[in-house]
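Novice: To start, I am sharing the structure in question, which I have written as structure tokens.
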Amino acid sequence: TFGRVTGARFDGCRGFVTIQEARDCSFRKSNFERHADKRGSRLSAVHSNLDGCRLSDVIAGDLSDCSLRRADMSEVTLEQGNLTRSNLAGASLVEAGAGYIRAEEANFSRTDCTRADLMCSIFERASFHKANLTGAVLHNAIFEEADLRGACLREADLRWAKLQNADLTGADLTGARLEDADFTGAKLSRAKLADADLSNAILSEAQIASTTGQVLKEPASGAGGTKIAELEQVAQGSRELEVSIDVTAGRKSARLTVEASSLWGGSVSGREDLYHEEWEPTSFAGEPTFSGCLLWLRNRWPKGQPDLASLKVVAKRCPRQGEELRFLAAAAWCEAFGLPELSPEDFAAINDAVKAAASRLREIQIAELRGGPAGIQSWNARSYEDRVDPGEFRRVDFSGRKMSRVNLEGVDLQGANLTGATLNFASLSCRDLKRAVFDEVRARSANFHATKLAGASFIRAGLQHARFRMSSLLRVNFQEADLRRADFLDADIKGADFTGANLTDAVFDGTKFNELTMFPAGFQLPSGLVWKGNGPDPRSK
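For the sequence shown, the working numbering gives the first residue as -9, with consecutive numbering after it.
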């Protein structure tokens, strides 16, 4: 067992060792063995010579700037290892466990990496010239500007790999998994692609001459057609514009979103969200224009089928409004994906079907929310999108219903009647609860975080431990409510009426109030209240 070793020679040694840090050492043709208790040797060496070493039983750390030519690293374990600038020419990494490593500018020429686990590793500008990567796990790995000429990648897993500007001339990718891989600017001339899965792979500016096994076409990346150009003009004239649509390709689906804003100097962005139990962002467009982002996303899904029923358009201060804007957005997506020109009649029929489906879903969900504990369980089991998409439940009557632990995050309940309802431990961070009626509710520990509650009524409500952090409580009626230990951190209670309320141990910190805010008789105004009224702060008298 060694701590730090510098300049030592261990050539031809054999045995179990632990070396925390070696620098400028020589281990040529050494054999690192396992301990009797099956523990592997441990080694970190920088700028050292390990040519011809047997490292199969080693748990390795930092091996940067090392010479590892013809080393036996089969089944080696690299714990977030570092092989930056190391020379592994002719080495064996068969079934090595080397995920999440850094190996920029490393030389893997003619190495045998059969079935090696190299996922999520960084190989920028590394050389894999004529390397054997058959069956290797390389998903999410970064091979930007890497040399993979003549490499064997048969049945390798390269999903989501970044291969921008990589040289894969003559590489064998037969049966490889290349879904969502980015080959932007890559050289694929004479590459073998038989049975490779290129679903959603990006081939923009890739050199694809003489590839075999697949007919590759570089997706178009120009300004698009007339509808796309028209939508570009609308985006440029809008304060904010967001257009999204769902696409499917086989068993995969994604949501493609393009946003433009003129605020803070202006910005444009495109985003791809894949669905894994919920929508998760996976790729972002870096194009400077609205149409460029839209086409970039289309290129991510060249075989995608857009679902026009899923179209969503959000606009502020836009030169087009309503159905006219929605039709233009739908027509632009159709144009991008090469679908037949969309007619106003077809789009109207799609809208009618969407509205009818949303209405049916809304009725089902209202029944769930009124259905007691079993109904609430069904409602809570729905995805966020499913709960929010039907639109709103404005002015719906939920009075007297048992709704404890209900999750209403993002739902519009403006003007809804919840008089006498049971809402203990409910999540009510809703999109809008303005003018909703909560008189005599039981809502112990309910969460109203960052909710619009202006004009709502909580007369004689049980709100012990309720949280109103950052909520707008303008003109809310809390008369005779039980607000013991309620939390009003950073809330706005200007004009709110707390007459007769129990505010024992309630938290007022950064809470804004004014001369119209009414407190219970004899209530001592806390120091955490922030005066935002006319005239002097009443606490200064």
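Just so you know, even glycine gets a beta-carbon here, dropped at the ideal spot from N, CA and C.
The alpha helix (DSSP H) spanning Lys345 covers which residue range?
Specialist: Taken as a continuous stretch (DSSP letters only), the alpha helix (DSSP H) holding Lys345 covers 334 to 359.
Novice: Fully enclosed by the stretch -7 to 52, which alpha helix (DSSP H) runs are 4 residues long or longer?
Specialist: Fully enclosed alpha helix (DSSP H) runs of 4 or longer: not present.
Novice: Going by beta-carbon coordinates alone, are Arg178 and Thr201 separated by less than 8 Å?
Specialist: Position check: residue 178 holds Leu in this sequence, whereas Arg was assumed. Yes, the pair counts as a contact, with Cβ atoms nearer than the cut-off.
Novice: Would you tell me roughly how many angstroms separate the C-alpha atoms of Asn492 and Ile218, rounded to the nearest one?
Specialist: Near 59 Å, if we compare the C-alpha coordinates of Ile218 and Asn492.
Novice: If you measure between the beta carbons of Ser16 and Ser38, is that distance less than 8 Å?
Specialist: Contact flag set, yes.
Novice: For Ala481, which residues in the same chain have their Cβ closer than 7 Å to its Cβ, ignoring the five residues on either side in sequence?
Specialist: Counting only Cβ-Cβ distances below 7 Å, and skipping sequence neighbours, we find Phe458, Arg459, Met460, Ser461, Leu463, Thr501.
Novice: Find the nearest neighbour of Arg60 within the set Gly294, Trp291, Cys43, judged by alpha-carbon distance.
Specialist: Minimum Cα distance to Arg60 is reached at Cys43.
Novice: Would Arg307 and Arg229 be called neighbours here (beta carbons separated by less than 8 Å)?
Specialist: Going by C-beta atoms, Arg307 is nearer than 8 Å to Arg229.
Novice: My guess is that Ser99 and Thr74 are in contact by the Cβ rule of under 8 Å, so how many angstroms apart are they, rounded?
Specialist: In fact, because the Cβ distance is near 16 Å, the residues do not count as touching under 8 Å.
Novice: From His455 to Ala496, what distance separates their C-alpha atoms?
Specialist: So the alpha carbons of these two residues sit roughly 8 Å apart.
Novice: Rounded C-beta distance between Ala146 and Leu128? I'm assuming under 8 Å.
Specialist: That belief holds up - the Cβ atoms of Ala146 and Leu128 are roughly 6 Å apart, short of 8 Å.
Novice: Count the CB pairs spanning the stretch 237 to 255 and the stretch 330 to 346 that are closer than 8 Å, and state whether there are at least three.
Specialist: No, the stretch 237 to 255 does not touch the stretch 330 to 346.
Novice: Count the CB pairs spanning the stretch 357 to 369 and the stretch 385 to 397 that are closer than 8 Å, and state whether there are at least three.
Specialist: With the cut-off at 8 Å, the stretch 357 to 369 and the stretch 385 to 397 touch.
Novice: Report the residue from Ala244, Ser243, Glu249, Leu351 whose alpha carbon sits nearest the alpha carbon of Gly227.
Specialist: When each option's Cα is compared against that of Gly227, the closest is Glu249.
Novice: Quick one: what's got a C-beta closer than 8 Å to Ser76's C-beta in the same chain, skipping five residues either side?
Specialist: Cβ neighbours of Ser76 beyond the five flanking positions: Leu53, Ser54, Asp55, Cys56, Ser57, Leu58, Ala93, Ala96, Asn97.
Novice: By DSSP, does Cys110 sit in helix, in strand, or in coil?
Specialist: Note: Cys110 maps to coil in three-state DSSP.
Novice: Report the option in Leu506, Ala436, Arg149, Arg465 whose CA atom is closest to the CA atom of Leu473.
Specialist: Of the listed residues, the one whose Cα sits closest to Leu473 is Ala436.
Novice: Which whole runs of the alpha helix (DSSP H) in the stretch 358 to 407 are 4 residues long or more, in chain order?
Specialist: Listed in chain order, they are 362 to 370, 374 to 378.
Novice: Please state whether DSSP places Glu277 in a helix, a strand or coil.
Specialist: Coil at Glu277, not helix or strand.
Novice: Return helix, strand or coil for Pro516, following the three-state DSSP convention.
Specialist: Note: Pro516 maps to coil in three-state DSSP.
Novice: If you draw a straight line from the C-alpha of Val386 to the C-alpha of Ala406, how long is it?
Specialist: Distance between the alpha carbons of Val386 and Ala406 is about 5 Å.
Novice: Applying the 10 Å Cβ sphere with the 16-neighbour rule, what's the burial state of Gln311?
Specialist: By the 10 Å Cβ count, Gln311 comes out exposed.
Novice: Quick check: Ala88 and Ala106, are their CB atoms within less than 8 Å of each other?
Specialist: It is a contact, given that the beta carbons lie within the stated cut-off.
Novice: Sort Phe173, Ala416, Gly80 by Cα distance to Thr104 and report the nearest one.
Specialist: For Thr104, the nearest C-alpha among the options comes from Gly80.
Novice: Return yes when the Cβ of Phe478 is within less than 8 Å of the Cβ of Pro510, no when it is not.
Specialist: No; because the gap between Cβ atoms is not below 8 Å, this pair is not in contact.
Novice: Please report the straight-line C-alpha distance between Glu208 and Glu358, rounded to a whole angstrom.
Specialist: The predicted position of Glu208 is uncertain, since its pLDDT is 48 and thus under 50; a value taken from the coordinates is nonetheless stated next. Rounded to the nearest angstrom, the two C-alpha atoms are 49 Å apart.
Novice: Taking the alpha-carbon of Thr67 as reference, which of Phe0, Ile49, Ser300, Arg13 has the nearest alpha-carbon?
Specialist: If we check each option's Cα against that of Thr67, Ile49 comes out closest.
Novice: Ile235 lies in the beta strand (DSSP E); which residues open and close that run?
Specialist: Its beta strand (DSSP E) spans residues 230 to 239.
Novice: Classify Phe388 as buried or exposed, calling it buried when 16 or more other Cβ atoms lie within 10 Å of its own Cβ.
Specialist: When all chains shown are included, Phe388 counts as buried.
Novice: What are the boundary residues of the beta strand (DSSP E) that includes Arg245?
Specialist: Note, Arg245: beta strand (DSSP E), 242 to 251.
Novice: Looking at Leu231 and Ala339, is the spacing between their C-beta atoms short of 8 Å?
Specialist: Contact: no.
Novice: With DSSP as the reference, please indicate the residues paired to Ile192 in a beta bridge.
Specialist: DSSP, once it has assigned bridges, lists Asp172 as partnering Ile192.
Novice: Could you tell me if Phe513 is buried or exposed, where buried requires 16 or more neighbouring beta carbons within 10 angstroms of its beta carbon?
Specialist: Classification of Phe513: exposed, given that the 10 Å Cβ count is below 16.
Novice: If you run the structure through DSSP and keep just helix, strand and coil, what is Leu301?
Specialist: Residue state, collapsed to three classes: strand.
Novice: Residues in the same chain with beta-carbon distance under 7 Å from Ser211, minus the five sequence neighbours each way, listed in chain order, please.
Specialist: For Ser211, the pLDDT reaches just 45, beneath the cut-off of 50, and the residue's location in the model is therefore unreliable, although a value from the coordinates is still provided. Result list for Ser211: Ser194, Leu285, Asn289, in chain order.
Novice: In its own chain, which residues sit with a C-beta less than 6 Å from the C-beta of Ala184, not counting the 5 before and 5 after it?
Specialist: So the list reads Thr164, Gly203, once near-sequence residues are dropped.
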